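J.: Handing you this structure, nothing more for now.
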Amino acid sequence: MLEIKNLTKSFGGVTAVQDVSFKISEGTIHSVIGPNGAGKTTLFNLITGVYTPTSGEILFKSENVAGMPPEQLARRRMSRTFQNLQVCMNMSAIDNVMVGAHLRLDQSVFAAMFRWPALRRADKACREEAAQLMDFVGVGKYANAHASQMPYGALKRLEIARAMAAKPQILLLDEPAAGLNHTETAEIEALIRKVADSGVTVVLVEHDMKLVMNLSHHILVLDYGKKLAEGSAAEVRANPDVIAAYLGASA
Amino acid sequence: MNYLKSHPGLVILAAVLLVLPFTLPNAYAYDVAIRVAINASVVIGLNLLVGYTGQISLGHAGFFGVGAYASAILTSRWGWPPVAALAAAAAGTALLAWLVARPILKLKGHYLAMATLGLGIIISIVIVNETDWTGGPDGMAAGALSAFGAEVSGDRAWYWLTAGVLLVVTWLALNLIDSPAGRALQAIHGSEVASRVVGVDTTAFKVRVFVLSAALASVMGSLYAHYVGFLTPGVAGFFHSIELVTMVVVGGMASVYGCIFGAAILTMLPQLLSTLEGWETVAFGVILMATMIFLPRGLVPTLRARFGKGAP
Numbered sequence: 000m001l002e003i004k005n006l007t008k009s010f011g012g013v014t015a016v017q018d019v020s021f022k023i024s025e026g027t028i029h030s031v032i033g034p035n036g037a038g039k040t041t042l043f044n045l046i047t048g049v050y051t052p053t054s055g056e057i058l059f060k061s062e063n064v065a066g067m068p069p070e071q072l073a074r075r076r077m078s079r080t081f082q083n084l085q086v087c088m089n090m091s092a093i094d095n096v097m098v099g100a101h102l103r104l105d106q107s108v109f110a111a112m113f114r115w116p117a118l119r120r121a122d123k124a125c126r127e128e129a130a131q132l133m134d135f136v137g138v139g140k141y142a143n144a145h146a147s148q149m150p151y152g153a154l155k156r157l158e159i160a161r162a163m164a165a166k167p168q169i170l171l172l173d174e175p176a177a178g179l180n181h182t183e184t185a186e187i188e189a190l191i192r193k194v195a196d197s198g199v200t201v202v203l204v205e206h207d208m209k210l211v212m213n214l215s216h217h218i219l220v221l222d223y224g225k226k227l228a229e230g231s232a233a234e235v236r237a238n239p240d241v242i243a244a245y246l247g248a249s250a
Numbered sequence: 000m001n002y003l004k005s006h007p008g009l010v011i012l013a014a015v016l017l018v019l020p021f022t023l024p025n026a027y028a029y030d031v032a033i034r035v036a037i038n039a040s041v042v043i044g045l046n047l048l049v050g051y052t053g054q055i056s057l058g059h060a061g062f063f064g065v066g067a068y069a070s071a072i073l074t075s076r077w078g079w080p081p082v083a084a085l086a087a088a089a090a091g092t093a094l095l096a097w098l099v100a101r102p103i104l105k106l107k108g109h110y111l112a113m114a115t116l117g118l119g120i121i122i123s124i125v126i127v128n129e130t131d132w133t134g135g136p137d138g139m140a141a142g143a144l145s146a147f148g149a150e151v152s153g154d155r156a157w158y159w160l161t162a163g164v165l166l167v168v169t170w171l172a173l174n175l176i177d178s179p180a181g182r183a184l185q186a187i188h189g190s191e192v193a194s195r196v197v198g199v200d201t202t203a204f205k206v207r208v209f210v211l212s213a214a215l216a217s218v219m220g221s222l223y224a225h226y227v228g229f230l231t232p233g234v235a236g237f238f239h240s241i242e243l244v245t246m247v248v249v250g251g252m253a254s255v256y257g258c259i260f261g262a263a264i265l266t267m268l269p270q271l272l273s274t275l276e277g278w279e280t281v282a283f284g285v286i287l288m289a290t291m292i293f294l295p296r297g298l299v300p301t302l303r304a305r306f307g308k309g310a311p
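Chains Y and G, in that order, are what the protein sequence lines are.
To convert, note that position 39 of the first sequence is 38 in numbering that gives the first Met the number 0; the numbers rise steadily by one, no gaps.
To convert, note that position 191 of the second sequence is 190 in numbering that gives the first Met the number 0; the numbers rise steadily by one, no gaps.
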């Protein structure tokens with residue numbers, strides 16, 4: 000589904016991601032881990048079009064999408080969430096989710112101004128769907144709330160609901176458990192599993208090792224922008240290079 | 000019927016606009032009401048750009064001026080019918096806005112403010128200097144508004160026309176906000192990167208709302224020209240642009256009804272304060288500063304949060 004070939008990104012003299020290659024097959028949960036500053040978020044920003052790669056290829060459904068802007072990738076059914084929340088605090092919670100369905104709705108300004116009936120009907124159906132999605136991610140009780148009234152943990156879920164409203168084939172989650180306590184992390188783990196079970200390929204950047212080990216079919220370990228190791232949870236855990244990177248060389 | 004239930008504000012606005020003429024004591028009060036309605040309609044368009052999409056424009060009076068002068072020139076010098084002139088002016092303004100929108104709206108924050116400010120000043124300079132066309136600083140006359148043989152004349156007729164336009168503009172703006180396109184605009188304000196990730200073509204939507212608000216300003220400028228009958232370059236000037244943005248801010252960013260309050264307060268205040276003889280600008284400034292300190296989100300959103308449903 001997604002194939003990364005020799006991907007490199009340099010910012011001036013710093014190479015944040017260097018010659019990274021890996022494959023993600025459809026229907027799996029794939030995690031990217033590594034110490035702080037290893038280039039995980041940069042890798043995410045490259046895949047989702049927020050950054051343009053310096054060199055290398057990103058094949059999404061066999062098409063090279065390297066350097067393609069996010070709005071074009073959305074049309075190819077790729078969606079993501081953000082490490083630092085990007086919920087629109089000027090909007091209601093349900094409107095945030097409905098924005099996710101943007102590409103499936105009539106975007107005409109004129110039809111909107113004159114309340115074109117087909118547009119209104121589709122919009123009403125979308126609102127019901129968005130309410131269901133809010134239930135699905137577990138923030139149903141905020142259906143009538145404004146985004147600015149919601150607690151942090153709920154906003155993280157709201158972002159997942161917005162991403163799901165786009166009906167993505169691949170969903171990239173950037174640190175979904177960051178800032179959450181144990182109970183909330185367990186809940187988000189169950190939610191990610193539910194998302195994956197609904198047929199969405201999930202790519203995860205996460206620091207919480209328990210969550211990563213529990214969920215991932217496949218793990219990619221980055222260190223200093225380079226691929227350090229790759230494999231199943233058990234393989235990665237046993238890899239001496241990974242242990243060295245996380246605990247220091249002498250460990 | 001359901002629509003009216005879910006939009007009580009629109010019903011109240013219609014009722015107020017209907018009853019208002021019976022309470023207006025004289026021609027002067029009518030004049031103020033008409034000016035409020037014209038300003039409010041411009042400000043609603045501007046608020047779609049500033050309050051909802053989060054893109055500043057300090058040059059909107061320029062578009063208002065283009066509409067006003069184009070209508071005046073086309074009708075009085077070329078003998079065009081006023082309605083055709085109004086439509087042509089709006090189309091021309093939309094084209095102008097569309098041409099400058101792409102380079103301008105790539106800018107953000109202070110840079111966008113500077114660019115739109117520059118655009119407004121250029122339009123204003125052209126109006127001052129092209130004396131053969133515009134009369135320059137001396138101004139120029141604009142004819143009466145007529146359509147299909149009927150002429151809009153007298154305070155009452157102008158009141159009903161501008162009040163009707165305000166009601167329609169309010170309706171259109173409310174509809175737009177509550178739609179996929181309107182949510183896309185608000186999402187650009189909330190998080191540009193998040194809106195791109197869900198597929199919003201942010202540049203295209205910024206251009207659309209910029210062109211829409213410019214064209215609306217132009218239409219209101221045309222009506223204004225016919226109403227006052229005489230134009231001076233000040234209508235397109237920097238201070239008028241600032242006045243329009245102030246109406247958005249005082250009334251409330253991202254609030255359609257706030258625009259009407261903002262326009263009403265800023266249009267009426269200088270008149271009410273004129274009894275202070277020389278101190279009116281000081282009082283005006285103090286009132287504006289107090290509004291910003293005590294009602295930072297603007298009049299309507301702040302009051303709604305305090306007394307309404309809790310949601311801002």
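Glycine is no exception: its CB is placed at the ideal position from the N, C-alpha and C atoms.
From a predicted model like this one, the values you see are computed outputs, not experimental measurements.
1) In the DSSP output, which residue or residues are listed as bridge partners for G:Lys105?
2) Who are the near neighbours of G:Gly309 in its chain, counting only those whose CB is closer than 8 Å to its CB and skipping five residues on each side?
3) Threshold first: 3 residues or longer. Then list the beta strand (DSSP E) segments lying entirely within the segment 149-229 of chain Y, N to C.
4) By a C-beta neighbour count over all protein chains shown, 10 Å radius and 16 as the cutoff for buried, is G:Ala146 buried or exposed?
5) Does the distance from the C-beta atom of Y:Gln17 to that of Y:Lys155 stay below 8 Å?
6) So, is G:Pro311 buried or exposed, given that buried needs 16 or more other C-beta atoms within 10 angstroms?
7) With 8 Å set as the bound, which would you pick, yes or no: does the beta-carbon of Y:Ala73 sit closer than that to a beta-carbon of chain G?
8) Whole alpha helix (DSSP H) runs in the segment 107-143 of chain Y with 4 or more residues, listed along the chain?
9) Any idea if Y:Ala244 is buried or exposed, counting beta-carbon neighbours within 10 angstroms, 16 or more meaning buried?
10) Please confirm whether Y:Val31 has its beta-carbon closer than 8 Å to some beta-carbon of chain G.
11) Closer than 7 Å between beta carbons: that is the criterion. Which residues of the segment 155-167 of chain Y meet it against chain C?
12) Note the first and the last residue of the continuous alpha helix (DSSP H) segment covering Y:Glu56.
13) Give the range of the beta strand (DSSP E) segment to which Y:Ile32 is assigned.
14) So, is Y:Asn63 buried or exposed, given that buried needs 16 or more other C-beta atoms within 10 angstroms?
15) Looking at Y:Met0 and Y:Ile169, is the spacing between their C-beta atoms short of 8 Å?
16) When the cut-off is 8 Å and only beta carbons count, does Y:Phe81 lie next to chain G?
17) Chain Y partners of G:His188, CB-CB under 9 Å?
18) Are Y:Arg161 and Y:Gly66 touching if we call contact CB-CB under 8 Å?
19) Alpha carbon to alpha carbon, how far is Y:Met212 from Y:Leu246? Give it in angstroms, no decimals.
20) Could you tell me which chain G residues have their CB closer than 8 Å to the CB of Y:Gly99, listed as they occur along the chain?
21) Kindly give me the distance between the Cβ atoms of G:Val344 and G:Trp157, rounded to whole angstroms, as I take these residues to be in contact under 8 Å.
22) Give the C-beta separation of G:Leu166 and G:Leu16 to the nearest angstrom, bearing in mind that I take them to be a contact with Cβ-Cβ under 8 Å.
23) Tell me the start and end of each unbroken alpha helix (DSSP H) in the segment 170-219 of chain G that is at least 4 residues and wholly inside, in chain order.
24) Is it the case that the Cβ atoms of G:Ser217 and G:Ala60 are separated by a distance below 8 Å?
25) In or out: Y:Phe113 buried (at least 16 other Cβ within 10 Å) or exposed?
26) Does any CB atom of chain Y fall closer than 8 Å to the CB of G:Ser178?
27) Between Y:Ala144 and Y:Met90, how many whole angstroms is the CB-CB distance? I'm expecting something under 8 Å.
28) Once the 5 residues before and after Y:Ala153 are set aside, which same chain residues still bring their CB inside 7 Å of it?
29) With a 10 Å radius around its C-beta and 16 neighbouring C-beta atoms as the bar for buried, classify G:Leu94 as buried or exposed.
30) Let me check one thing: in DSSP terms, what residues is Y:Thr14 bridge-paired to?
31) Please work out which residues of its chain come closer than 8 Å, Cβ to Cβ, to G:Thr245, disregarding the five sequence neighbours upstream and downstream, and give them in chain order.
32) Would the segment 60-78 of chain G count as touching the segment 213-228 of chain G if we require 3 or more Cβ pairs under 8 Å?
33) Using the C-alpha atoms, what's the distance from G:Ser178 back to Y:Pro116?
34) From Y:Phe43 to Y:Leu171, what does the alpha carbon distance come to, in whole angstroms?
35) Classify G:Ile187 as buried or exposed, calling it buried when 16 or more other Cβ atoms lie within 10 Å of its own Cβ.
36) Reducing DSSP to helix, strand and coil, say where Y:Glu70 ends up.
T.: Quick look at the numbers:
1) DSSP output for G:Lys105 lists no bridge partner at all.
2) Bear in mind that a pLDDT of 44 at G:Gly309, under 50, signals an unreliable position, so the number given afterwards is only what the model happens to contain. Same-chain partners within the cutoff: there are none.
3) 169-173, 200-204, 217-222
4) exposed
5) no
6) Residue placement at G:Pro311 is poorly supported in this model, since its pLDDT is 41, which falls under 50; the coordinates still yield a value, given next. Its Cβ being crowded by 16 or more others within 10 Å, G:Pro311 is buried.
7) yes
8) 108-112, 116-136
9) buried
10) no
11) No chain C appears in the structure shown, which is made up of the protein chains Y and G.
12) First-last for Y:Glu56: 54-59, but that is the beta strand (DSSP E), not the alpha helix (DSSP H).
13) 28-32
14) exposed
15) yes
16) yes
17) Cys87, Asn89, Met90
18) no
19) 17 Å
20) Val197
21) This structure cannot speak to residue 344 of chain G, because chain G is shown only from 0 to 311.
22) 6 Å
23) 179-189, 191-196
24) no
25) exposed
26) yes
27) With a Cβ gap of about 11 Å, Y:Ala144 and Y:Met90 do not count as contacting.
28) Val138, Tyr141
29) exposed
30) Y:Ser9
31) Gly261, Leu265, Leu287
32) yes
33) 12 Å
34) 8 Å
35) buried
36) helix
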